[in-house]
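Student:
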Amino acid sequence: MVVPDDGMVVDVKQNDSSKPSTLDRPNVNSVGDSDSVSLEKQYQPTQTITDDEYPHGVKLVILAGASLIAVFLIALDQTIIGTAIPKITDEFHSLDDISWYAAAYFMTFGAAQPSAGKMYKYFNLKWSFLGSMFLFEVGSLICGVAPNSKALIIGRAIAGLGGAGLSVGGTSIVSFTVPPVKRPMMMGIIGMTYAVAAVLGPLLGGAFTDSVTWRWCFYINLPIGGIAAVALFIFFHLPTSAVTPQISWAKKLLHLDPVGFALAMGGITCFALALQYGGNTHPWKSGMVIGLLIGFGLLALALVGWELWLGDYAMMPRRLWKQRSLSTTAPYQFFFMGSYVVLLYYLPIYFQSILGTSPIKSGVNNLPLVVAAAVFALAGGAVVMATGRPQQVMFVGSMLSTAAIGLIYTLDIGTSTGKWVGYQVFTGAAMAFAIMHGLSIAQANAGIEDLTAVTANLLFFQTIGGAFSTSAGQSAFVNRMLATLPRTAPEVNPGLVLLTGASELHNVFPPDMLPGVLEAYMVGIKAAFAVALAFSGVAFICTLAIPMKRLPSHASGDAAMVMG
Numbered sequence: 129m130v131v132p133d134d135g136m137v138v139d140v141k142q143n144d145s146s147k148p149s150t151l152d153r154p155n156v157n158s159v160g161d162s163d164s165v166s167l168e169k170q171y172q173p174t175q176t177i178t179d180d181e182y183p184h185g186v187k188l189v190i191l192a193g194a195s196l197i198a199v200f201l202i203a204l205d206q207t208i209i210g211t212a213i214p215k216i217t218d219e220f221h222s223l224d225d226i227s228w229y230a231a232a233y234f235m236t237f238g239a240a241q242p243s244a245g246k247m248y249k250y251f252n253l254k255w256s257f258l259g260s261m262f263l264f265e266v267g268s269l270i271c272g273v274a275p276n277s278k279a280l281i282i283g284r285a286i287a288g289l290g291g292a293g294l295s296v297g298g299t300s301i302v303s304f305t306v307p308p309v310k311r312p313m314m315m316g317i318i319g320m321t322y323a324v325a326a327v328l329g330p331l332l333g334g335a336f337t338d339s340v341t342w343r344w345c346f347y348i349n350l351p352i353g354g355i356a357a358v359a360l361f362i363f364f365h366l367p368t369s370a371v372t373p374q375i376s377w378a379k380k381l382l383h384l385d386p387v388g389f390a391l392a393m394g395g396i397t398c399f400a401l402a403l404q405y406g407g408n409t410h411p412w413k414s415g416m417v418i419g420l421l422i423g424f425g426l427l428a429l430a431l432v433g434w435e436l437w438l439g440d441y442a443m444m445p446r447r448l449w450k451q452r453s454l455s456t457t458a459p460y461q462f463f464f465m466g467s468y469v470v471l472l473y474y475l476p477i478y479f480q481s482i483l484g485t486s487p488i489k490s491g492v493n494n495l496p497l498v499v500a501a502a503v504f505a506l507a508g509g510a511v512v513m514a515t516g517r518p519q520q521v522m523f524v525g526s527m528l529s530t531a532a533i534g535l536i537y538t539l540d541i542g543t544s545t546g547k548w549v550g551y552q553v554f555t556g557a558a559m560a561f562a563i564m565h566g567l568s569i570a571q572a573n574a575g576i577e578d579l580t581a582v583t584a585n586l587l588f589f590q591t592i593g594g595a596f597s598t599s600a601g602q603s604a605f606v607n608r609m610l611a612t613l614p615r616t617a618p619e620v621n622p623g624l625v626l627l628t629g630a631s632e633l634h635n636v637f638p639p640d641m642l643p644g645v646l647e648a649y650m651v652g653i654k655a656a657f658a659v660a661l662a663f664s665g666v667a668f669i670c671t672l673a674i675p676m677k678r679l680p681s682h683a684s685g686d687a688a689m690v691m692g
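Going by this note's numbering, the first residue of the sequence shown is number 129, and it counts up by one from there.
#1: Buried or exposed: Arg615, going by 16 or more other Cβ atoms within 10 Å of its Cβ?
#2: Which residue or residues does DSSP assign as beta-bridge partners of Gly623?
#3: Just to confirm, are Ile301 and Phe257 a CB contact at a threshold of 9 Å?
#4: Tell me, to the nearest whole angstrom, how far the beta carbon of Ile213 is from that of Cys345; I am working on the premise that it is less than 8 Å.
#5: Can you grab the Cα-Cα spacing for the pair Asp161 / Asn349, in whole Å?
#6: Can you give me the Cβ contacts of Ala359 inside the same chain, cut-off strictly under 6 Å, excluding the 5 residues immediately before and after it?
#7: Going residue by residue through the region 268-328, where are the continuous alpha helix (DSSP H) segments of at least 4 residues, counting only ones entirely within it?
#8: On the DSSP letters alone, give me the boundaries of the alpha helix (DSSP H) that Leu188 sits inside.
#9: Could you tell me whether the region 577-585 touches the region 243-256, using the rule of 3 or more Cβ pairs below 8 Å?
#10: One question on the structure: do Gly291 and Asp385 come within less than 9 Å of each other, judged by their Cβ atoms?
#11: Identify whether His410 lies in helix, strand or coil by the three-state DSSP scheme.
#12: Does the beta-carbon of Trp548 have 16 or more other beta-carbons within 10 angstroms, so that it is buried, or is it exposed?
#13: Decide if Arg153 is buried, meaning its Cβ has at least 16 other Cβ atoms within 10 Å, or exposed.
#14: So, using beta-carbon positions, are Ile317 and Tyr468 closer together than 9 Å?
#15: How should Thr545 be labelled, buried or exposed, when 16 other C-beta atoms within 10 angstroms of its C-beta is the threshold for buried?
#16: Please state the DSSP three-state secondary structure of Arg446.
#17: If you run the structure through DSSP and keep just helix, strand and coil, what is Arg608?
#18: Could you say if the region 427-441 and the region 474-491 meet the contact criterion of at least three C-beta pairs nearer than 8 Å?
#19: Out of Ala442, Thr236 and Pro308, state which residue places its alpha-carbon closest to the alpha-carbon of Tyr182.
#20: Rounded to the nearest angstrom, what separates Thr671 and Val186 at their Cα positions?
#21: Along the alpha helix (DSSP H) that carries Arg571, what are the first and last residues, could you check?
#22: Closest to Phe605 by C-alpha separation, out of Trp342, Lys310, Ser526 and Val659, would be which residue?
#23: Using the beta-carbon count (16 or more within 10 Å), is Asn635 buried or exposed?
#24: Taking contact to mean at least 3 C-beta pairs separated by less than 8 Å, is the region 391-407 in contact with the region 598-612?
#25: So the alpha helix (DSSP H) Arg343 belongs to, where does it begin and stop?
#26: Given Pro312, which residues of its chain have a CB within under 6 Å of its CB, disregarding the five upstream and five downstream residues?
#27: Is the region 644-657 touching the region 477-488 in the sense that three or more CB pairs, one from each, lie closer than 8 Å?
#28: Output the distance between the C-alpha atoms of Gly525 and Leu448, rounded to the nearest integer angstrom.
#29: If you draw a straight line from the C-alpha of Tyr171 to the C-alpha of Gly575, how long is it?
#30: Can you give me the Cβ contacts of Gly288 inside the same chain, cut-off strictly under 6 Å, excluding the 5 residues immediately before and after it?
#31: Are the region 489-506 and the region 319-337 touching, with three or more C-beta to C-beta distances below 8 Å?
#32: Are there 16 or more other CB atoms within 10 angstroms of the CB of Ser164, so buried, or fewer, so exposed?
#33: Assign Gln374 to one of two classes, buried (16 or more other C-beta atoms within 10 Å of its C-beta) or exposed (fewer than that).
#34: Just the Cα atoms here: how many angstroms apart are Asn621 and Arg343?
#35: In its own chain, which residues sit with a C-beta less than 6 Å from the C-beta of Ser303, not counting the 5 before and 5 after it?
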């Protein structure tokens with residue numbers, strides 16, 4: 129008997145090969161016999177894709193483009209709905225459901241990513257990606273034709289499930305189509321794509337809502353996703369060294385770890401809702417908020433215990449987390465992406481509320497951040513591709529981004545245009561320079577059989593970092609604003625301020641009340657910026673744990689970054 133790298137017991141004796149092995153509990157401690165050598169070798173992390181198997185020329189461009197389209201769609205879908213929410217609530221009379229339009233998506237999107245990594249390992253990568261795209265498109269279609277708020281929420285949850293598969297699949301396809309030495313540049317392009325899509329979202333959402341209908345915020349996914357699906361179907365072929373393990377369907381389904389998925393989804397939901405309700409719709413001492421926080425703690429502990437017990441069947445296998453290439457980069461991606469997402473949400477709020485711009489104009493005001501991010505994402509990728517030293521790039525980028533977000537924190541009522549433009553350029557350049565290189569490290573040190581699982585686990589932490597930071601930012605924003613309003617605008621009803629969109633403040637409140645409301649709003653926005661600053665600072669500290677070594681693809685005379 130032998131335990132291959134997938135953690136399951138496989139019978140290799142010829143006279144007993146048809147007999148299924150036990151499923152009582154994953155056995156991670158079995159020892160192999162002399163007949164197991166050939167089977168064991170096919171799962172060793174030393175397996176690589178030959179140069180001849182990588183696509184070249186037009187085929188490479190088409191496949192890379194399909195991967196970027198997947199990244200673009202999921203990034204766009206996270207932000208495009210923001211400017212459409214007022215129109216949606218007007219049509220459905222569903223003000224109480226606002227939080228669920230985002231939460232339903234992130235709840236399934238975040239929790240499903242580790243399971244998606246297992247899906248790509250144990251099922252055909254091409255068909256898994258196409259299935260994820262189909263699910264994402266179905267969810268988008270449901271949202272587009274939704275007759276009521278509940279249907280929209282269901283569609284968002286389905287789209288989140290498909291988006292999780294696209295997130296992992298799109299990045300994993302890069303691993304199978306781009307040689308390791310060129311992969312850091314591709315990670316930079318992915319970071320640029322995410323930055324551009326995240327800021328284009330509010331612009332497109334505002335344009336669709338004002339000119340056509342908010343439903344086109346979801347319809348737009350259908351033709352774009354279809355193009356990516358067709359391109360992948362025609363041109364992508366899985367390398368021969370990346371054949372999926374030949375195991376039973378029962379074991380494949382067990383590897384998807386549905387219990388772990390449910391625990392993760394429940395924990396993310398409890399934490400996000402606790403921060404959303406606390407000090408807003410419910411007091412922090414209320415049974416609802418305390419119960420949600422306790423529920424989050426218990427579910428998190430249950431998830432850790434379950435994953436440890438399940439061994440290699442877990443969606444987050446302990447074997448992978450013993451590798452420093454994953455255990456040191458996951459916290460970095462959690463905090464660094466968390467800080468970036470807070471800025472993406474609250475810089476437009478600053479422009480719309482304090483400067484009184486429209487949603488579309490606030491998107492234009494965000495262009496300095498986007499342009500700088502696009503240029504320096506490529507620059508960061510080029511530096512890592514040339515030197516093979518991502519840790520130093522991450523160290524410098526996170527250090528500079530912390531300083532840059534410190535400048536963003538100083539934005540106030542009456543800040544000059546030159547300052548908010550310059551601060552955004554500095555922030556976008558610093559963050560994009562270093563935002564995706566944790567993935568470069570993790571993928572470069574993973575065997576071919578673990579590429580999708582490592583990618584999924586890292587993207588899971590990156591996603592929940594954004595979900596947790598936005599929840600923390602929202603909680604800080606609302607609580608500080610509500611605490612300040614009685615002092616700056618005592619005659620204003622706090623509930624009315626909460627129900628008024630950022631772009632409508634200048635229309636709803638009369639000139640004698642508006643200054644006090646804006647002052648309280650600014651205090652809340654600064655609190656959200658402080659959350660981004662704290663997350664970036666912790667990310668900088670996390671870089672100190674990552675060894676300063678070259679990637680294996682660049683190692684020559686010095687030691688390679690092989691972290692076991």
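Glycine included, every Cβ here is placed at the ideal spot set by N, Cα and C. Computed from a predicted structure; not experimentally measured.
Tutor: Short version:
#1: exposed
#2: Note: Gly623 sits in no beta bridge, so no partner.
#3: yes
#4: So it is not a contact: roughly 10 Å between Cβ atoms.
#5: Here the model assigns Asp161 a pLDDT of 34, short of 50, so the residue's position is not dependable and the matter cannot be decided.
#6: Ile190 and Ala194
#7: 277-305
#8: Gly185 to Thr207
#9: yes
#10: no
#11: strand
#12: buried
#13: Low per-residue confidence applies at Arg153: pLDDT is 41, beneath 50, and the placement is therefore not dependable enough to give any value.
#14: no
#15: exposed
#16: helix
#17: helix
#18: no
#19: Pro308
#20: 37 Å
#21: According to the sequence displayed, residue 571 carries Gln and not Arg. Element bounds for Gln571: His565 to Ala572.
#22: Val659
#23: exposed
#24: yes
#25: Premise fails: Arg343 is in no alpha helix (DSSP H) and is neither H nor E.
#26: Gly509, Val512, Met513 and Ser568
#27: yes
#28: 27 Å
#29: For Tyr171, the pLDDT reaches just 32, beneath the cut-off of 50, and the residue's location in the model is therefore unreliable, leaving the point undetermined.
#30: Tyr233, Thr236 and Phe237
#31: yes
#32: Reliability of the predicted coordinates at Ser164 is poor, the pLDDT of 33 falling under 50, and no value is obtained from them.
#33: exposed
#34: 33 Å
#35: Gln571 and Leu579
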